[in-house]
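Protein chains in written order, with this note's numbering: chain A, 39 to 389; chain B, 200 to 593. Everything below concerns the one structure shown next.
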């Protein structure tokens, strides 16, 4: 990240910049997704206008909402396990911040260049289960408990197809480093034609679909929103939370949606890059410096595209039942992704 | 005939066996203890104050029982201290989504005792408004169905299109939810100018809405997997529990008071069909209601074309005293059979009124239907049985 700056920055300065960059990279997608999709797109799909009063075209609605939540009392139920109850939302948000650390935004714009980046990302993404279980258990509420247990079952079940879907990409790219995966896609070619690079969404289409379904479930968005299921479990594991801590859960939900969209666009849509053949670049060192500015913009665009699909499905589908959801994961998604891995390996060896 | 011999859906049968096993497990106090979950009286899914006491084994219901009475308003007792014209404003509030339909059977019962009959024009307009309140009621059900299963979009379509119908009701009667428009011997007013053309346009919109809901919800695989084979109520069980309306027709019983029961109303002047479904599951109940909404728009369309001219009020005295006697009149309301048993002692008000509302009987089958299902199915089964809290508790 630092070599893109022309000036020498001391180590503490670098760390500060990284932290600030991380916060921006988590909160900006969350805010954008909430405003553009949750407030506006959902309203238009449902033939209404959505927020229109706060700011021009309702653009300050988010600020108003955050202000509202911050003013509310931070209630801890009497029977709750207070320490764990208070810690749970932070654990959930923590996993999002850990995730963003490996996402590359440009040839030099990354937080850490991690050799086993995708492995790390998949590992820390399941940390949020801990937070949800903590919230569900410590609330001393039957609905919370049911929601927490459902979340644990669901998140563990859908972790597996997600990992298996990613393995296809890893086999094709031959690396676990997210930066290398981006470069492999953009410098690649399809049947000798390099004008589009080789975005894995084409060759790994099955993997992409499985991955999208799995992150839909990981994010507990409809049709996989059993843990929250407001018509059955009131608000699932979040039932007892109010004010600031509810806000953290809320941010966590959409920030994670943003980060997973970023990872999906890195793995399948070519990440920050444009096909290298357009500008005659050959490898990452020859990529022009301005890509450090354009790269993040491309990433945000692709993230919005992926998040759009997630939200589109969320707004139009009813939810599964818990047992149907498990059956779908184990009987459909996992066999399909295993077949995808087998086919990918065969092609990799043969071609 | 034992329960398992009856024709049940596979899943329902498995769930029933599992619930027996769960029950046995609880009884011998081995392993884990069950959990009692109180759903309601304040809960986002019960759209009102219904409390469901569910004993769970994991996510499976061992037994469940609805507990009603949280919204009891004592209309039967209140009706005894009101005059006949005043009672309509009370009974409006029983099934608040289809208010006009509540007034009709009471007025018909009073008319039966007085031996007057509304003129043909009034009968026609009554029937049209009755069907409009059915459309307003059931279209909201169709949208609400999605919300109960987590699909948030259909309900907004439902609210949007119900608004057109409410505007029509408001245009004709002056009240959106509580028209209080029916009078003994006829109606309060005639239809306003231009109302007929507007109603025809709205009926077209409502048919579009039905198509939209069918595409968005009924055609959805997840919706089907959540409702097909879930909450099966076989024909004889439905009859034993006294279900009525779409719930009964969904169990394969061809029974519709509008067709079978001669009343001074205009249903026999239109050509329409009573839909039934052989399955008796949640999907069947929802599907029958969808078809009924379509039929209702057809009835309204046809009746609009054939409204006879003439007065809208029969000759009745200014101060209404109903002669001594007893009368029972029931009609096919949006939720099912609704009837009033009116006992008169020849005074200004009724001596006793017994209200038979559909939801109370419909909900009584819940303990049977909820046995052995999963927690999410409690919500879908109750949603497909379709009750209005005001209609349960009166």
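Note that beta-carbon positions come from the ideal geometry of N, C-alpha and C, so glycine has one too. All values derive from a computational prediction rather than experimental measurement.
Applying the criterion that 16 or more other CB atoms from any shown protein chain within 10 Å of the CB defines a buried residue, is residue i buried or exposed?
i                     : result
residue 120 (chain A) : exposed
residue 562 (chain B) : buried
residue 117 (chain A) : exposed
residue 593 (chain B) : buried
residue 294 (chain A) : buried
residue 450 (chain B) : buried
Out of the options, which has the shortest C-alpha to C-alpha gap to residue i?
i                     : options                       : result
residue 348 (chain A) : A:277, A:262 and A:313        : A:262
residue 578 (chain B) : B:285, B:345 and B:292        : B:345
residue 346 (chain A) : A:268, A:50 and A:259         : A:259
residue 566 (chain B) : B:358, B:420, B:534 and B:440 : B:440
residue 167 (chain A) : A:191, A:154 and A:144        : A:191
residue 277 (chain B) : B:555, B:549 and B:347        : B:549
residue 321 (chain B) : B:333, B:584, B:510 and B:546 : B:510
residue 274 (chain A) : A:133, A:188, A:47 and A:59   : A:188
residue 465 (chain B) : B:365, B:329 and B:479        : B:329
residue 154 (chain A) : A:139, A:338, A:318 and A:255 : A:139
residue 310 (chain A) : A:338, A:323 and A:82         : A:338
residue 485 (chain B) : B:516, B:376 and B:533        : B:533
residue 290 (chain A) : A:125, A:298, A:134 and A:198 : A:134
residue 574 (chain B) : B:287, B:255 and B:460        : B:255
residue 277 (chain A) : A:224, A:182 and A:210        : A:182
residue 238 (chain A) : A:331, A:302 and A:197        : A:302
residue 356 (chain A) : B:482, B:527, B:553 and B:422 : B:422
residue 582 (chain B) : B:217, B:243 and B:235        : B:243
residue 361 (chain A) : B:492, B:543, B:559 and B:576 : B:576
residue 127 (chain A) : A:385, A:142, A:315 and A:169 : A:169
residue 493 (chain B) : B:406, B:370 and B:551        : B:406
residue 338 (chain B) : B:286, B:398, B:323 and B:404 : B:404
residue 527 (chain B) : B:402, B:444, B:520 and B:311 : B:311
residue 483 (chain B) : B:283, B:591 and B:584        : B:584
Looking only at DSSP bridge pairs, what is residue i linked to?
i                     : result
residue 280 (chain A) : In the DSSP output, where bridge partners are listed per residue, residue 280 (chain A) has none listed.
residue 439 (chain A) : Residue 439 (chain A) is absent from the model: chain A starts at 39 and stops at 389.
residue 262 (chain B) : B:254
residue 535 (chain B) : B:532
residue 523 (chain B) : For residue 523 (chain B), which the question treats as bridged, DSSP gives no partner whatsoever.
residue 554 (chain B) : B:539
residue 381 (chain B) : B:386
Between the beta-carbon of residue i and the beta-carbon of residue j, is there less than 9 Å?
i                     : j                     : result
residue 357 (chain B) : residue 296 (chain B) : no
residue 93 (chain A)  : residue 101 (chain A) : yes
residue 502 (chain B) : residue 327 (chain B) : yes
residue 525 (chain B) : residue 540 (chain B) : yes
residue 371 (chain A) : residue 252 (chain A) : yes
residue 375 (chain B) : residue 368 (chain B) : yes
residue 246 (chain A) : residue 203 (chain A) : yes
residue 299 (chain A) : residue 329 (chain A) : no
residue 570 (chain B) : residue 364 (chain B) : no
residue 224 (chain A) : residue 235 (chain A) : yes
residue 589 (chain B) : residue 272 (chain B) : yes
residue 358 (chain A) : residue 425 (chain B) : yes
residue 378 (chain B) : residue 302 (chain B) : yes
residue 416 (chain B) : residue 350 (chain B) : yes
residue 297 (chain A) : residue 67 (chain A)  : yes
Whose C-beta lies closer than 7 Å to the C-beta of residue i among residues of the same chain, with five residues either side of it excluded?
i                     : result
residue 46 (chain A)  : none
residue 642 (chain B) : Nothing can be reported for residue 642 (chain B): it is not among the residues displayed for chain B, which extend from 200 to 593.
residue 529 (chain B) : 304, 456, 536, 537, 538 and 555
residue 411 (chain B) : 356
residue 122 (chain A) : 172 and 176
residue 468 (chain B) : 502 and 505
residue 211 (chain A) : 218, 219 and 222
residue 241 (chain A) : 210
So, for residue i: in the same chain, excluding its five sequence neighbours on each side, which residues have a beta-carbon less than 8 Å away from its beta-carbon?
i                     : result
residue 108 (chain A) : 281, 282 and 285
residue 280 (chain B) : 548
residue 194 (chain A) : 164 and 167
residue 434 (chain B) : 450, 451, 452 and 479
residue 112 (chain A) : 280, 281, 282 and 283
Might you give, ordered along the chain, the residues of its own chain that have their beta carbon closer than 6 Å to the beta carbon of residue i, omitting 5 neighbours on each side?
i                     : result
residue 350 (chain A) : none
residue 474 (chain B) : 487 and 490
residue 414 (chain B) : none
residue 90 (chain A)  : 96
residue 203 (chain B) : Because residue 203 (chain B) carries a pLDDT of 45, less than 50, the predicted location of this residue cannot be relied on, and no value is offered for it.
residue 240 (chain B) : 248, 250 and 269
residue 560 (chain B) : 441
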